[in-house]
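Colleague:
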Amino acid sequence: MLLSQLPFDLAATVLRVLHITAAIVAAGGAFFQWFALQPVVVTLDAAQRAELRERLAVRWRAVVWTAIAVLLLTGLINFAVYSVPALRQNPHKALYHGLFGLKVLAALGTFHAAALLTLPGRRGERYRAKGRFWLAFMLVLFALVVVLGAMLRGVRSAS
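Residue numbers (my numbering): 3 to 161.
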């Protein structure tokens, strides 16, 4: 079977898989750190805590920035190529764009918090010292992104 004969849009599927995978990695990493790692980190002495947090930030930084890049790129392509054309005749397109704007703002909030937690050196340590707060902040925003995504799918299909 030729790719052009597939009963689905292969490019859209690949973009969606990349987007969802990057989101799962980012949210899963934040959840693991908040639920499993942070309770253990607080039992260490201050010097051990700072060293562990710095070493984790160095390893996690590439994952965070890769996830951010993939989410931004695939999200922009999905929106411009698939959502905008599909919404041209949708009577609820204003609602869709409003919800989409909120989803983007929530995503940018998670990107900001993730970037702060991976800053190198003393600048990053200031935020990592309050890691439990920033991770909880990210998890709330991740949940909001998921809820808004579900709402967007409903608005898009309700024509």
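Ideal Cβ positions, reconstructed from N, Cα and C, are used throughout, including at glycine.
Model, not experiment: these values are computed from the prediction.
I'd like the list of long-range same chain contacts for A29, defined as Cβ closer than 7 Å, with 5 residues on each side in sequence excluded.
Modeller: In the sequence shown, residue 29 corresponds to position 27, counting from 1. Within the same chain, A29 has close Cβ partners F144.
Colleague: Relative to the alpha-carbon of A59, which residue among A14, V147 and R124 has its alpha-carbon at the smallest distance?
Modeller: Within the sequence shown, the letter at position 57 stands for residue 59. That would be R124, whose Cα lies nearest to the Cα of A59.
Colleague: Thinking C-alpha only, which one of R130, Y98 and A115 is nearest M153?
Modeller: Residue mapping note: residue 153 aligns to position 151 of the sequence shown, counting from 1. Measuring from the Cα of M153, the nearest candidate turns out to be Y98.
Colleague: Does the beta-carbon of R61 have 16 or more other beta-carbons within 10 angstroms, so that it is buried, or is it exposed?
Modeller: By 1-based counting over the sequence shown, the position of residue 61 is 59. Answer is exposed; the Cβ neighbour count stays below 16.
Colleague: Name the residue from L4, D11, S6 and A52 whose alpha carbon lies nearest to the alpha carbon of Y84.
Modeller: The residue you call residue 84 lines up with position 82 of the sequence shown. Y84 has its Cα closest to that of D11, out of L4, D11, S6 and A52.
Colleague: For the alpha helix (DSSP H) holding P93, just list the boundary residues, first then last.
Modeller: To locate residue 93, count along the sequence shown from 1; it is residue 91. Counting along the chain, P93 falls outside any alpha helix (DSSP H), and DSSP gives it neither H nor E.
Colleague: Looking at the structure shown, is K105 part of a helix, part of a strand, or coil, going by DSSP?
Modeller: Along the sequence shown, one-based indexing puts residue 105 at 103. If DSSP states are grouped into helix, strand and coil, K105 belongs with the helices.
Colleague: Okay, do the region 13–28 and the region 72–87 touch, 3+ Cβ pairs below 8 Å being the bar?
Modeller: Cβ pair count under 8 Å is three or more, so yes.
Colleague: Which residues mark the beginning and the end of the alpha helix (DSSP H) in which L73 is found?
Modeller: In the sequence shown, the residue the question calls residue 73 occupies position 71. L73 -> alpha helix (DSSP H) spans A48 to I79.
Colleague: Out of L121, H94, V142 and V149, point me to the one whose CA is closest to V2's CA.
Modeller: Because the chain spans 3 through 161 in this model, residue 2 falls outside it and cannot be assessed.
Colleague: Count the other C-beta atoms from every protein chain shown that fall within 10 angstroms of the C-beta of G133, then say buried if there are 16 or more, exposed otherwise.
Modeller: What you label residue 133 is simply residue 131 of the sequence shown in a count that begins at 1. That one is buried.
Colleague: I think H114 touches L73, with their Cβ atoms under 8 Å apart; what is that distance to the nearest whole Å?
Modeller: Taking the first residue of the sequence shown as position 1, residue 114 is located at position 112. Taking the first residue of the sequence shown as position 1, residue 73 is located at position 71. Wrong, their Cβ atoms sit about 13 Å apart, outside the cutoff.
Colleague: Under the three-state reduction of DSSP, which class applies to V44: helix, strand or coil?
Modeller: Position 42 of the sequence shown, counted from the first residue, corresponds to residue 44. Coil, per DSSP.
Colleague: Counting only the same chain and skipping the five closest in sequence on each side, list residues whose C-beta sits under 6 Å from that of A108.
Modeller: Numbered from 1 along the sequence shown, position 106 holds the residue referred to as residue 108. Cβ within range, chain order: L143, L146 and V147.
Colleague: Can you look up A24 in the DSSP assignment and give me helix, strand or coil?
Modeller: In the sequence shown, the residue the question calls residue 24 occupies position 22. In the structure shown, A24 sits in a helix (DSSP, three-state: H, G or I).
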